[in-house]
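Sequential numbering from 41 applies to the sequence shown in this note's numbering.
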Amino acid sequence: MANVLANASDIEKLYEYGERLNESKDKSKNLKDYEGIIRAAKGSVKAKQLAAQLIPRFFKFFPSLSLQAVEAHFDLCEEYELPIRVQAIRGLPLLCKDTPEYVPKIVDVLGQLLPAEENVERDALNKALMCLVRQDTKASLTALFKHLQSTDEPHIDERVREQVLSFIKDKVFPLKAELLRPQEQMERHMTDLVKKSLPDCTGAEFKMFMDFLKTLSIFGDGASPERVQELTELIEQQADLIEEFNVSDGDHIDRLISCLYMALPFFKSGASNSKFLNYLNKHILPVVDKFPEERKLDVLKNLAECSPYTASQDSRQLLPAVVLLLKKYMPRKKTGEEMNFTYVECLLYTFHHLAYKTPNATNSLCGYKIVTGQPSDRLGEDFSDIYKDFCERLTTVEDLARITMKKLNQGLPEHDKALAAAKTEEDKAIIRTKKQNTAAGLRTCNNILTMAQALRSKSPSFIGDGKITLSWKPVVKSPEPSTTVGSGKKRAATVANVPNNAANKKGRRDGGLQSPLVNQTSKGVHRGGKGGASGRRLSEHERGEGGAKNQFVSRSLQGLFRGGRTGGRGRGRGGYGRGRHYQ
């Protein structure tokens, strides 16, 4: 009974303190009243709830008591009773309304409280944080990002970090146009904050940050080459291009492939790919055969896609390794050995683009007679045996490609029949996938034929433009040509009617090589790799027995920044960094 009376008395005193402060014209003279309110933060449940309302209301009038008031309010934010916590959290932004110097400290505390389990509490935390972010965006973001950055302190609360990152991604990033003002200054500040967070982030987080940075105006359309290169350098750092390579380090392989894939758009925009290619040439291509099959294919695909943007000097250095791989994967004779068509497509495409930049480098590598007037032409040397060997391999590849195209085209009507007879949507989906893989396989073979035929000369024609579309890339539909051919005019040459493509004619009723079936880069990429459900290569015997229909199997580019944060510790300073898992 005595406790109840005492609690009632405390509440009555709190109301008195509040009334006197409300009525006072010079509130700074009511120091004792505000001290009484601060003391109430350690009183009964009702007293604490009322103190959570009164402390922020009169905070600005008592700077001499600000430290005690803030600490008392922080204690209220961690009370056991949910209503007290919620009330205290809602009052935190009021502490900064007229005292903005407290914004970083309050934002830091709110960030630590984000892992709250109650919905009403999380809602109050998000609203309080957004209020402060709008009041002082720069100070608030600086305080929040400190929870994401590497630290030497031995205690890192993973839950806090994850919740802060989620808040930034879901609440701040979508409002960048509103919050990042003045635009260029604040975008630069945000970029600097992101950079400091990258050494300790996972692969998925890195991709999320890079996707965000690309949306900023300073890195958008029309960005200077220096700024495009700035983003590329971030990717290079994430790829660990200065580290020694260990072929058994699966995480480094995945990270390298993923980063190279992410950098491709920046190469297209003018950034240098020199560091990536030098690393590939020195560390990766000599041991690429030791990679898992699917990772080997990813390396060759990425190499092919970045080859059009390679400088002449880098092209000259890279060509020997590419030619060596070409000779490995292009059989000299049809001996029944298997050939991976997608490997050959990647390497021929890479070869063409590199040779286009430095044509006379192919004289000693392939036995060509290309004259540029430079000593590197090496025209006085005899490379006839090399030329003969290279041409024999090209001839074998062309023959195998034609045989495979014929079998693939013969299988198209069977797919149509099976699709018409399919009863369930699941069966239809399976058959459509087979048709897509067949169409993609035809594109692969057609590309190989086009590129191989251009090399069958002492003075070959290197394809260094966009005439070849890699088989896993989307088909750009051209305007429908007129079906009326004027008198005396020849029909324009197309992929379907150029010489040596007669095998394609049977497939024209399905849209030929321009069919929407092959527009599947987001769904998967075909490959001729060996092994189980990942696809396989075909021997000549299998091709003769109709096995070609299974050659090209769709495979998504999974593993791009996939994998969550685990208990493993990675690169963070002080031994507490988070592992970056690229699987």
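Quick reminder that beta carbons are idealized off the backbone N, C-alpha and C, glycines included. None of the values given here were measured: they were computed from a predicted structure.
A straight-line Cα-Cα distance of about 25 Å links Y120 and C136. When DSSP states are grouped into helix, strand and coil, M170 belongs to the helix group.
Pairing V328 with S347, the inter-Cα distance amounts to about 17 Å.
With a contact defined as Cβ atoms closer than 8 Å, L54 and A92 miss out at about 11 Å. In the three-state DSSP reduction, M379 falls in the strand class (E or B). If you compare the alpha carbons of L184, L132 and P123 with that of K100, the shortest gap goes to L132. Comparing alpha carbon positions, the residue from Y57, T182 and A395 closest to P500 is A395. CA-CA distance, M370 to P326, rounds to 17 Å.
By the 16-neighbour rule on beta-carbons within 10 angstroms, R295 is buried.
Straight across, the Cα-Cα distance linking P415 with S424 is about 19 Å. Counting only runs of 4 or more residues that sit fully inside the region 61-103, the alpha helix (DSSP H) segments are 71-79 and 85-97, in chain order. Here I124 is near V85, since their CB atoms are less than 9 Å apart. Shown here, H187 sits in coil according to DSSP, grouped into three states, outside any helix or strand.
Each residue's CA atom was taken as its position, placing C299 and E276 some 7 Å apart. For R201, the closest of H229, E227, D148 and Q175 by C-alpha to C-alpha distance is D148.
With respect to the 9 Å criterion, G481 and L510 are not classified as neighbours on the basis of their beta carbons. The beta carbon of A179 lies closer than 6 Å to those of V143 and P144 in the same chain, with the five residues before and after it left out. By alpha-carbon distance to T242, the top candidate from H292, A87, S104 and E284 is H292. Where H455 is concerned, the enclosing alpha helix (DSSP H) starts and stops at S424 to A461. Cβ neighbours of F252 within its own chain (closer than 7 Å, five residues either side excluded): F213. Put simply, the backbone Cα of N477 is about 15 Å away from that of L459.
One thing to note: L150 has its Cβ no nearer than 9 Å to the Cβ of L122. Annotation for S355: L394, K397 and T398 place their beta carbon closer than 7 Å to its own, counting only its chain and skipping 5 residues before and after. In the three-state reduction of the DSSP assignment, F259 falls in the helix class, which pools H, G and I. Taking the C-beta atoms as reference points, R433 is found nearer than 9 Å to K367. Residue environment for P265: exposed (fewer than 16 other C-beta atoms within 10 angstroms of its C-beta).
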